[in-house]
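S.K.:
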Amino acid sequence: MVRAMATNGGLAVALVAPLVFTVGFYLPLKFVMQLQGIDYAQFLMPIIVLQAMAFTAISAAQISATEAITGLTDRLQTMPVAALAPLAARMTAGLVRSLVSLVAALGYGYAIGFRFSAGPQQALLFCLVALAVSTTLALGADAIGSLSKSPEATSQALTLPMLIFGMLSCGFVPETGFPEWVRPFVRNQPISQFSFAMRDMAADGVQPSVLWPALSWIVGLSIVFVPLAVWASVRRK
Numbered sequence: 001m002v003r004a005m006a007t008n009g010g011l012a013v014a015l016v017a018p019l020v021f022t023v024g025f026y027l028p029l030k031f032v033m034q035l036q037g038i039d040y041a042q043f044l045m046p047i048i049v050l051q052a053m054a055f056t057a058i059s060a061a062q063i064s065a066t067e068a069i070t071g072l073t074d075r076l077q078t079m080p081v082a083a084l085a086p087l088a089a090r091m092t093a094g095l096v097r098s099l100v101s102l103v104a105a106l107g108y109g110y111a112i113g114f115r116f117s118a119g120p121q122q123a124l125l126f127c128l129v130a131l132a133v134s135t136t137l138a139l140g141a142d143a144i145g146s147l148s149k150s151p152e153a154t155s156q157a158l159t160l161p162m163l164i165f166g167m168l169s170c171g172f173v174p175e176t177g178f179p180e181w182v183r184p185f186v187r188n189q190p191i192s193q194f195s196f197a198m199r200d201m202a203a204d205g206v207q208p209s210v211l212w213p214a215l216s217w218i219v220g221l222s223i224v225f226v227p228l229a230v231w232a233s234v235r236r237k
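In terms of full-length UniProt numbering, the sequence shown has 68 at position 68, counting the first letter as 1, and numbering is strictly consecutive.
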């Protein structure tokens, strides 16, 4: 499956997507944020990484939907392979895509001035949180793809919510950039909490009070998505 990604363009998308996000948001907003005293490269990097991770999850959904609609899932269920082997294979391939996309995003970030200032342990934690978010989202997306059996519909259904959550977060602009009535949602939704934690990891180091909400969202989403992905993968029609 990893070899297939190299030939069908999956790895190319993982490399290009964070570049599009970096250029598309950094260049238009850089000078506006500088006027507010914000180092926008440091501010923006977490959401660039998170958006890249979200798009790898959408790829996972497309793959699971394709396997379902082509009958590959049904054939594997009749063969002497472990019931969870297809799901494990898709998650492994997704992790490879996420790693490639994460490295690419960090490379583009360094090109615009992003730096890890809190040491290697915080940098490693930054990467682990990004991959944990990616894997959690990929599990949920994989389940949706397996159930929908439509790669096109699955991609469309997942892209819009992920973009909305990204735009209505503190990843691109500070909370003060939103109307007061929507700030509670913007501040407390998972993408903002991930951004807060990862931003601190890259700066002076994250404090437990900032880290725990992000980890709680990861655990909470995993509690929902893991059994859903397992059930969707092993169920028989």
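Ideal Cβ positions, reconstructed from N, Cα and C, are used throughout, including at glycine.
The structure displayed is predicted, hence computed values, not measured ones.
1) Any idea what DSSP makes of Asp204, helix, strand or coil?
2) Could you check whether the segment 169-184 touches the segment 96-105, counting it as contact only if at least three pairs of C-beta atoms, one from each stretch, sit closer than 8 Å?
3) So the alpha helix (DSSP H) Cys127 belongs to, where does it begin and stop?
4) Please check the pair Ala202 and Ala104, which I expect to be a contact at CB under 8 Å, by giving their CB distance rounded to whole angstroms.
5) Applying the criterion that 16 or more other CB atoms from any shown protein chain within 10 Å of the CB defines a buried residue, is Gly119 buried or exposed?
6) What number of angstroms, rounded off, separates the C-alpha of Cys170 from the C-alpha of Pro86?
7) Give a yes or no on whether the C-beta atoms belonging to Leu50 and Phe194 are separated by under 8 Å.
8) Note down, in chain order, each residue of its chain lying with its Cβ closer than 7 Å to the Cβ of Tyr108, except the 5 sequence neighbours on either side.
9) Could you compute how far the alpha carbon of Ala60 sits from the alpha carbon of Asp142?
10) How many Å lie between Asp200 and Val210 at the Cα?
11) Taking the alpha carbon of Ser222 as the point to measure from, which residue in Ser117, Leu139 and Gly166 has its own alpha carbon closest?
12) Just confirm the distance between the C-beta atoms of Ile58 and Leu158, as a whole number of angstroms; I'd bet it's less than 8 Å.
13) Output needed for Ile218: all residues of its chain with C-beta closer than 7 Å, excluding positions within five of it in sequence on either side, in chain order.
14) What did DSSP end up calling Gly171 once you bin it into helix, strand or coil?
15) Quick one: give me the first and last residue of the alpha helix (DSSP H) that Val100 is part of.
16) Buried or exposed: Tyr110, going by 16 or more other Cβ atoms within 10 Å of its Cβ?
17) Please name the residue, chosen from Phe172, Ala153 and Gln122, that lies closest to Asp204 on a Cα-to-Cα basis.
18) Enumerate in chain order the residues of its own chain whose CB-to-CB distance from Phe43 is below 6 Å, with the five nearest sequence positions on each side excluded.
19) Which whole-angstrom value describes the C-beta separation of Ile63 and Gly145, a residue pair presumed to lie in contact below a C-beta threshold of 8 Å?
20) CA-CA distance, Met167 and Ala89?
21) Helix, strand or coil, according to DSSP, for residue 238 in the structure here?
22) Return the first residue and the last residue of the alpha helix (DSSP H) that Pro184 is part of.
23) Who are the near neighbours of Val230 in its chain, counting only those whose CB is closer than 8 Å to its CB and skipping five residues on each side?
24) Quick check on Ile164: buried or exposed, where buried means 16 or more other Cβ atoms within 10 Å of its Cβ?
M.R.: Taking the definition as stated:
1) If you number the sequence shown from 1, residue 204 lands on position 204. Of the three classes helix, strand and coil, the one that applies to Asp204 here is coil, per DSSP.
2) no
3) In the sequence shown, counting from the first residue as 1, residue 127 sits at position 127. Per DSSP, Cys127 belongs to the alpha helix (DSSP H) from Pro120 to Ser148.
4) The residue labelled residue 202 in the question sits at position 202 within the sequence shown. The residue labelled residue 104 in the question sits at position 104 within the sequence shown. Going by Cβ atoms, the distance from Ala202 to Ala104 rounds to 17 Å, so no, they are not a contact pair.
5) Here the question's residue 119 lines up with position 119 in the sequence shown. Its Cβ having fewer than 16 others within 10 Å, Gly119 is exposed.
6) Working through the sequence shown from its first residue, we reach residue 170 at position 170. Working through the sequence shown from its first residue, we reach residue 86 at position 86. Roughly 36 Å separates the two Cα atoms.
7) Taking the first residue of the sequence shown as position 1, residue 50 is located at position 50. Taking the first residue of the sequence shown as position 1, residue 194 is located at position 194. Yes, they are a contact pair.
8) Numbered from its first residue, the sequence shown carries residue 108 at position 108. Here the set comprises Pro18, Leu19 and Thr22.
9) Numbered from 1 along the sequence shown, position 60 holds the residue referred to as residue 60. Numbered from 1 along the sequence shown, position 142 holds the residue referred to as residue 142. Roughly 6 Å between the two C-alpha positions.
10) Position 200 of the sequence shown, counting from 1, holds the residue named residue 200. Position 210 of the sequence shown, counting from 1, holds the residue named residue 210. Looking at the two C-alpha atoms, the distance is approximately 8 Å.
11) Locating residue 222 in the sequence shown gives position 222, where the first residue counts as 1. When each option's Cα is compared against that of Ser222, the closest is Leu139.
12) Locating residue 58 in the sequence shown gives position 58, counting from the first residue. Locating residue 158 in the sequence shown gives position 158, counting from the first residue. Correct: roughly 5 Å between the Cβ atoms.
13) The sequence position of residue 218 within the sequence shown is 218, counting from 1. Excluding positions up to five away in sequence, the list reads Ala132, Val133 and Thr136.
14) Your numbering for residue 171 matches position 171 in the sequence shown. Looking at Gly171 - three-state DSSP - the assignment turns out to be coil, as it is neither helix nor strand.
15) Reading the sequence shown from its first residue, position 100 is the one you call residue 100. Run containing Val100: Ala85 to Ile112, per the alpha helix (DSSP H) assignment.
16) Taking the sequence shown and counting its residues from 1, the one referred to as residue 110 is at position 110. That one is exposed.
17) Translated into the one-based positions of the sequence shown, residue 204 becomes position 204. The residue with the shortest Cα to Cα distance from Asp204 is Gln122.
18) Locating residue 43 in the sequence shown gives position 43, counting from the first residue. Answer for Phe43: no residue qualifies.
19) In the sequence shown, the residue the question calls residue 63 occupies position 63. In the sequence shown, the residue the question calls residue 145 occupies position 145. So it is a contact: roughly 7 Å between Cβ atoms.
20) Along the sequence shown, read from residue 1 onward, the residue named residue 167 stands at position 167. Along the sequence shown, read from residue 1 onward, the residue named residue 89 stands at position 89. Met167 and Ala89: Cα-Cα distance of roughly 32 Å.
21) In the structure as shown, the chain starts at 1 and stops at 237, and residue 238 therefore has no counterpart that could be examined.
22) The residue you call residue 184 lines up with position 184 of the sequence shown. Note, Pro184: alpha helix (DSSP H), Arg183 to Asn188.
23) On the sequence shown, position 230 is the one that residue 230 refers to. Cβ within range, chain order: Leu84 and Leu87.
24) Working through the sequence shown from its first residue, we reach residue 164 at position 164. So Ile164 counts as exposed.
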